[in-house]
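For reference, the structure discussed in these notes is given below.
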Amino acid sequence: MVSLSCTASQGVDDDLSCYLQKPGQPPKLLFYEISSRESDTPSHFSSSGSEPEFTLTINGVQAADAGDYYCMGVYEGPVFTQSYKHLPQLLFAVLQL
Numbered sequence: 001m002v003s004l005s006c007t008a009s010q011g012v013d014d015d016l017s018c019y020l021q022k023p024g025q026p027p028k029l030l031f032y033e034i035s036s037r038e039s040d041t042p043s044h045f046s047s048s049g050s051e052p053e054f055t056l057t058i059n060g061v062q063a064a065d066a067g068d069y070y071c072m073g074v075y076e077g078p079v080f081t082q083s084y085k086h087l088p089q090l091l092f093a094v095l096q097l
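Numbering-wise, the sequence shown is residues 1 to 97 according to full-length UniProt numbering.
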């Protein structure tokens, strides 16, 4: 089992999402709103947490799980009504076995 954690900055709401990017491919959404699973996310992936922390757990890591994992949050500023997407923060890189 591997657990990957992300802590958001102050002002980021609970719309935290997690992505996996494999070499030569665009990032693929795994979870959104912390624990809502994208339909094609593998069953051995799970997520948990609440603002501002997010944890992605991979049970029985497989070679196909290799890649860069990112979390992203939506910033709700105290003055502005517009939301700003923060650049994804690298959570962890799972190396090829």
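Just so it is clear, CB atoms sit at the ideal spot from N, CA and C, and this is done for glycine as well.
This structure is a prediction, so every number in the text was calculated from the model and none was measured.
Asked, Found
"Below 7 Å between beta carbons: does that hold for S17 and S35?", "no"
"For D68, which of D15, T7, G49, G24 has the nearest alpha-carbon?", "G24"
"What are the complete beta strand (DSSP E) segments, minimum 3 residues, inside the stretch 41 to 79?", "45 to 50, 53 to 58, 67 to 72, 74 to 76"
"Which residues bound the beta strand (DSSP E) around S39?", "First-last for S39: undefined, no H or E at that position."
"Apply the 10 Å Cβ neighbour rule to residue 98 and answer buried if 16 or more other Cβ atoms are within range, or exposed otherwise.", "The structure shown does not extend to residue 98, since the chain spans only 1 to 97, so no value can be given for it."
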